[in-house]
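Counting from 1 along the sequence shown, just add 3 to a position and that's the residue number in our numbering. Backbone N, C-alpha and C fix where the C-beta goes; we use that ideal spot for every residue, glycine too.
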Amino acid sequence: MITFEKLWDTMKAKGVSTYQLREKCGIDSKTIRRLRANDNIETKTLDKLCAILSCKLEDIAEYKE
Numbered sequence: 004m005i006t007f008e009k010l011w012d013t014m015k016a017k018g019v020s021t022y023q024l025r026e027k028c029g030i031d032s033k034t035i036r037r038l039r040a041n042d043n044i045e046t047k048t049l050d051k052l053c054a055i056l057s058c059k060l061e062d063i064a065e066y067k068e
């Protein structure tokens, strides 16, 4: 299973809130809800998150058995 637990730590470290993701970066509230629930996310959304946070994919997502 892919989890996004690291995303929240990375956001906190970079000083980015979910409000900023929604209002300034165009990530809608449904997508944020999906990230919190570790649901499926489009790769273009992952790409956008990495660009916004200036990070690598492994900084926001992780595979757990």
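query, result
"Using DSSP with H/G/I as helix, E/B as strand and the rest coil, what is GLU68?", "coil"
"Should LYS15 and ILE30 be called a contact, given that it needs their Cβ atoms to be closer than 8 Å?", "no"
"Tell me where the alpha helix (DSSP H) around ILE35 begins and ends.", "32–39"
"Check for me: the alpha helix (DSSP H) holding GLU61 runs from which residue to which?", "Unbroken run through GLU61: none, as it is neither H nor E."
"On the premise that THR13 lies in contact with ILE63, defined as a C-beta separation below 8 Å, what is that separation, rounded to the nearest angstrom?", "6 Å"
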